[in-house]
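The numbering used here numbers the first residue of the sequence shown as 269 and each following residue consecutively. Cβ coordinates follow ideal geometry from the N, Cα and C atoms, glycine included.
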Amino acid sequence: MTDLSATVQPAAAARYNLPFNPSFETDLTGWAATAATVTRQTSDAFGGSASARLVANGTGRARLASDPVYGITVQPGTTYTLSAYFKVTTALSQPYSLGVEMYDNFTAWTFLADAWAASTVQAVTSGWVRRSVTFTTPPDCTKVIVYAPIAAASSANSTDTVWVDAVLLEEGATAQEYFDTYVPPCGPSVRLNVTGAPNVPASAYTSLFSTTDGWSTDTSNTTCTTVKARLNFAATTNIAWQASGDFRAIKRTVSGLASGSVYRYRAVLGTYYDARVRLAVYNGATLVASTSYVKASVDGDQVSLSVDFTAPAASVTIKMEMIQYVYTLNQRAYALVSAATVDYVGGWQGTTIYRTDANGSSVVVREDLGGQDTPAGVMQVTDWEAALYGDVQYVVVDGSGGTASATVPAGTFDPTTTRPVIELPLRATPSGNLVAPAPAVRPALITDYSENAQTNGTKHQVIGRPDPLVNPGPLSTRNGTFTCLLEDYAAARGFREFLGDGDLAMLRQAGFPGLDMYFTVDSVQINPEADSEHGRYFGAVVTYSEVARP
Numbered sequence: 269m270t271d272l273s274a275t276v277q278p279a280a281a282a283r284y285n286l287p288f289n290p291s292f293e294t295d296l297t298g299w300a301a302t303a304a305t306v307t308r309q310t311s312d313a314f315g316g317s318a319s320a321r322l323v324a325n326g327t328g329r330a331r332l333a334s335d336p337v338y339g340i341t342v343q344p345g346t347t348y349t350l351s352a353y354f355k356v357t358t359a360l361s362q363p364y365s366l367g368v369e370m371y372d373n374f375t376a377w378t379f380l381a382d383a384w385a386a387s388t389v390q391a392v393t394s395g396w397v398r399r400s401v402t403f404t405t406p407p408d409c410t411k412v413i414v415y416a417p418i419a420a421a422s423s424a425n426s427t428d429t430v431w432v433d434a435v436l437l438e439e440g441a442t443a444q445e446y447f448d449t450y451v452p453p454c455g456p457s458v459r460l461n462v463t464g465a466p467n468v469p470a471s472a473y474t475s476l477f478s479t480t481d482g483w484s485t486d487t488s489n490t491t492c493t494t495v496k497a498r499l500n501f502a503a504t505t506n507i508a509w510q511a512s513g514d515f516r517a518i519k520r521t522v523s524g525l526a527s528g529s530v531y532r533y534r535a536v537l538g539t540y541y542d543a544r545v546r547l548a549v550y551n552g553a554t555l556v557a558s559t560s561y562v563k564a565s566v567d568g569d570q571v572s573l574s575v576d577f578t579a580p581a582a583s584v585t586i587k588m589e590m591i592q593y594v595y596t597l598n599q600r601a602y603a604l605v606s607a608a609t610v611d612y613v614g615g616w617q618g619t620t621i622y623r624t625d626a627n628g629s630s631v632v633v634r635e636d637l638g639g640q641d642t643p644a645g646v647m648q649v650t651d652w653e654a655a656l657y658g659d660v661q662y663v664v665v666d667g668s669g670g671t672a673s674a675t676v677p678a679g680t681f682d683p684t685t686t687r688p689v690i691e692l693p694l695r696a697t698p699s700g701n702l703v704a705p706a707p708a709v710r711p712a713l714i715t716d717y718s719e720n721a722q723t724n725g726t727k728h729q730v731i732g733r734p735d736p737l738v739n740p741g742p743l744s745t746r747n748g749t750f751t752c753l754l755e756d757y758a759a760a761r762g763f764r765e766f767l768g769d770g771d772l773a774m775l776r777q778a779g780f781p782g783l784d785m786y787f788t789v790d791s792v793q794i795n796p797e798a799d800s801e802h803g804r805y806f807g808a809v810v811t812y813s814e815v816a817r818p
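Pasting the structure below:
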């Protein structure tokens, strides 16, 4: 049974997450600890594959600061919200929270104000918890330092341990959904939620819960130059380490997979005596995907690992591999598996979504990908091109033949266009501790994309759509040309150079449903134009290929 709901999402400006390296995915660059040590952890994360762990050393007020040398650039007199996710596994000696210090600039470093979250962490948390604080910068403030986390006071305690991940600092008075660095602007759109549990072939997913059944030892891994070891999952017998030539993995073949679909391999393991473990997926001798080698912080503690992989064939070999970093003979160790699973997570591979606009034209919004549906869950699809000037009808057909429908009523949008902008949206991504606005050019005129144009049902030549407000055709498939008129040859040549670096470009009609197009530039040709209505211009003829939203 499948269900469908549809809601209109308003136009949104670009979003910028200001801290550098806010989720510690590759390293700890841009962060510095005081009265504590900080390490990057891959065994646990709120999102992505890594987090940071702060351990107090008892020499002062333990804290982790973002960009403590140059600060984070902000705008004076502007409201921001700072948030982060924290995790505590052992009760802390005092409260920890997050906050900011505000300064005039990075030269004088005159302190102006600070702001601290009222809600703290101290007791053991149930998973990851979010804390936030909203503040307004003083009129002469241009820099802030973010602390996440920070202890309430100086302390001699040397065991307080706090995990932190997904630090978000952006303009606005509320903590919104986390993102890493940049979310591009968009016009109004329709958010579709598909829910249910369609009929799924049993082979679409495989669950392995036995710690022994079907597993065998593996001797094919000969590249390990450190001490090799057997893996023992019985938890009753310790196996002695060997200097060389012994097993360092067990394996199992998983069949019935859909080639090209995404799966998740998960296991919970316990390690002893400096043993490192990882999960790996192989197609024959070729490594498809793996986790990093990790170990439990305390002997016998559990380590949860997961790795997503795209099935290269109908079957793969999954392995649990273990190495020891310290070369010590006859040391006894084992890894204990408490659960191991391979689950299908590709999601709704056999589901199609259709849209019918008010003028009766129909288009496939989301195509059947030729795979299998997830056994249950929720799929979200955003339709960026819906014409919201009349009722819009959606129908979803899942892989089992089940259908559901939803209607979005007409909106109240002004159907009059303004002069559009050609923008390089990804150039606005924060670099270091700065955020520059996205480079943009507003041509004097884009042919067939004039100011004050009204919807009329005729073909819209700029982007090859039958109507600028009713836009049939799947995303990311259009290509063609459009001409931008520039004031003189120098402006036209500058426009060609602007688009000449291969950056993702955007044709943006702010606040307008369906008229944001992302594209790559194949070529730009400059031609003189004699236009009696607009005077003499130079035309830059852009040959483009549409691409998906970043």
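Using the beta-carbon count (16 or more within 10 Å), is L366 buried or exposed?
-> Within the sequence shown, residue 366 is the residue found at index 98, counting from 1. A residue is called buried once 16 or more other Cβ atoms fall within 10 Å of its Cβ, and L366 is buried on that count.
Based on the DSSP output, what are the partners of N461 in its beta bridges?
-> The residue labelled residue 461 in the question sits at position 193 within the sequence shown. Paired residues: S273 and Q648.
The region 357–372 / the region 443–463 touching (three or more Cβ pairs under 8 Å) = As far as the Cβ criterion goes, the region 357–372 does not touch the region 443–463, which means the pair count is below three.
Once you ignore the five residues that flank A330 on each side, which residues in its own chain have a CB closer than 6 Å to its CB?
-> Along the sequence shown, one-based indexing puts residue 330 at 62. A303, A304, A324 and A419.
Note the first and the last residue of the continuous beta strand (DSSP E) segment covering E653.
-> The residue labelled residue 653 in the question sits at position 385 within the sequence shown. Following the DSSP letters along the chain, one finds E653 in no beta strand (DSSP E), marked with neither H nor E.
Helix, strand or coil: which one does DSSP assign to G748?
-> In the sequence shown, residue 748 corresponds to position 480, counting from 1. In this structure, G748 counts as strand in the three-state DSSP scheme.
Going by DSSP, which residues form a beta bridge with W384?
-> Counting from one through the sequence shown, the residue named residue 384 turns up at place 116. BP columns for W384 point to G367.
Per DSSP, what kind of secondary structure is P693 in: helix, strand or coil?
-> Along the sequence shown, one-based indexing puts residue 693 at 425. Helix, per DSSP.
Rounded straight-line distance, which links the Cα of A279 to that of Y662 | Translated into the one-based positions of the sequence shown, residue 662 becomes position 394. Translated into the one-based positions of the sequence shown, residue 279 becomes position 11. In a straight line, the C-alpha of Y662 is about 21 Å away from that of A279.
Using beta-carbon positions only, say whether V689 and R710 come within less than 7 Å of one another.
-> Position 421 of the sequence shown, counted from the start, is the residue given in the question as residue 689. Position 442 of the sequence shown, counted from the start, is the residue given in the question as residue 710. Taking 7 Å as the cut-off, the Cβ atoms of V689 and R710 count as close.
Cβ of A548 within 6 Å of any heavy atom in the ligand FMN?
-> Among the ligands in the structure shown, none appear at all, so the ligand FMN cannot be discussed.
Neighbourhood of A300 by C-beta, 6 Å cutoff - its chain only, sequence neighbours within 5 removed | For the purposes of this step, residue 300 is taken as residue 32 along the sequence shown, with counting starting at 1. If we look at A300 and ignore the five residues flanking it on each side, its Cβ neighbours are A333 and P336.
Where in the region 383–440 do unbroken runs of the beta strand (DSSP E), each at least 3 residues long, occur, reported from the N-terminal end onward?
-> DSSP runs (the beta strand (DSSP E)) wholly in the region 383–440: 397–404, 411–419 and 429–439.
For T521, count neighbouring C-beta atoms within 10 Å of its own C-beta (all shown protein chains included) and say buried if the count is 16 or more, exposed if not.
-> On the sequence shown, position 253 is the one that residue 521 refers to. The Cβ neighbour count for T521, taken over all protein chains shown within 10 Å, is under 16; the residue is labelled exposed.
Mind the definition here: the region 347–356 touches the region 377–395 only if three or more C-beta pairs lie below 8 Å; say whether that holds.
-> Counting Cβ pairs under 8 Å, three or more are found: they touch.
What's the C-alpha gap between V342 and N289?
-> Locating residue 342 in the sequence shown gives position 74, counting from the first residue. Locating residue 289 in the sequence shown gives position 21, counting from the first residue. In this model, V342 and N289 are separated by some 17 Å (Cα to Cα).
For Q793, is the classification buried or exposed, using 16 other Cβ atoms within 10 angstroms of its Cβ as the cut-off for buried?
-> Taking the sequence shown and counting its residues from 1, one reaches residue 793 at position 525. Here Q793 is exposed. Its C-beta has fewer than 16 other C-beta atoms within 10 Å.
Distance, Cα to Cα, S523 vs V664?
-> Indexing the sequence shown from 1 puts residue 523 at position 255. Indexing the sequence shown from 1 puts residue 664 at position 396. Here the alpha carbons of V664 and S523 stand approximately 30 Å from one another.
Taking the alpha carbon of V809 as the point to measure from, which residue in V815, F763, T578 and G770 has its own alpha carbon closest?
-> Locating residue 809 in the sequence shown gives position 541, counting from the first residue. Looking at the Cα atoms, F763 is the closest of the given residues.
Option in L272, E439 and T327 with minimal Cα separation from P344 = In the sequence shown, residue 344 corresponds to position 76, counting from 1. Here the closest residue by C-alpha is E439.
Look at A557 and V575 and say whether their C-beta atoms are less than 7 Å apart.
-> Here residue 557 is taken as the residue at index 289 of the sequence shown, counted from 1. Here residue 575 is taken as the residue at index 307 of the sequence shown, counted from 1. Contact flag set, yes.
Span separating the alpha-carbon of A274 from that of V432 | Counting from 1 along the sequence shown, the entry for residue 274 is found at position 6. Counting from 1 along the sequence shown, the entry for residue 432 is found at position 164. In a straight line, the C-alpha of A274 is about 35 Å away from that of V432.
Burial state of Q444 (16 or more Cβ within 10 Å) = Translated into the one-based positions of the sequence shown, residue 444 becomes position 176. By the neighbour-count definition (other C-beta atoms within 10 Å, threshold 16), Q444 is an exposed residue.
How many Å lie between F314 and P363 at the Cα?
-> As a first step, residue 314 is located in the sequence shown; it is residue number 46 there, counting from the start. As a first step, residue 363 is located in the sequence shown; it is residue number 95 there, counting from the start. F314 and P363: Cα-Cα distance of roughly 21 Å.
Limits of the beta strand (DSSP E) - the one that R329 falls within = Counted from its first residue, the sequence shown places residue 329 at position 61. Note, R329: premise wrong, no beta strand (DSSP E); not H, not E.
Quick one: Cα of P287 to Cα of D771, how far?
-> What you label residue 287 is simply residue 19 of the sequence shown in a count that begins at 1. What you label residue 771 is simply residue 503 of the sequence shown in a count that begins at 1. Computed Cα separation, rounded: 24 Å.
Residue(s) in a DSSP beta bridge with P796 | As a position in the sequence shown, residue 796 is number 528, starting the count at 1. According to DSSP, P796 bridges with F806.
Closest by C-alpha distance to Y531, when choosing among K519, V549, Y561 and F577 | Position 263 of the sequence shown, counted from the start, is the residue given in the question as residue 531. Answer by Cα proximity: F577.
Assign R761 to one of three DSSP states: helix, strand, or coil.
-> For the purposes of this step, residue 761 is taken as the residue at position 493 of the sequence shown. Looking at R761 - three-state DSSP - the assignment turns out to be helix.
Once you ignore the five residues that flank T596 on each side, which residues in its own chain have a CB closer than 6 Å to its CB?
-> Position 328 of the sequence shown, counting from 1, holds the residue named residue 596. Confidence at T596 is low in this model, with a pLDDT of 42, below 50, so its placement is unreliable and the value that follows should be read with caution. Contacts found: none.
Looking at the structure shown, is F354 part of a helix, part of a strand, or coil, going by DSSP?
-> As a working note, residue 354 is residue 86 in the sequence shown. The answer is strand: DSSP assigns F354 an E or B state.
Any idea which residues DSSP pairs T305 with across the strands?
-> Position 37 of the sequence shown, counting from 1, holds the residue named residue 305. T305 pairs with V323.
Within 10 angstroms of its Cβ, does S512 collect 16 or more other Cβ (buried), or is it exposed?
-> The residue given as residue 512 occupies position 244 in the sequence shown. Only weak support exists for where S512 lies, its pLDDT of 38 falling under 50; the coordinates are left without a value.
Cβ-Cβ separation, A626 to E589 (assumed contact under 8 Å), whole Å | Looking up residue 589 in the sequence shown gives position 321. Looking up residue 626 in the sequence shown gives position 358. Not really, about 58 Å apart at Cβ, beyond 8 Å.
Anticipated Cβ contact below 8 Å, Y812 with T788, distance rounded = Translated into the one-based positions of the sequence shown, residue 812 becomes position 544. Translated into the one-based positions of the sequence shown, residue 788 becomes position 520. Indeed they touch by this definition, with Cβ atoms about 7 Å apart.
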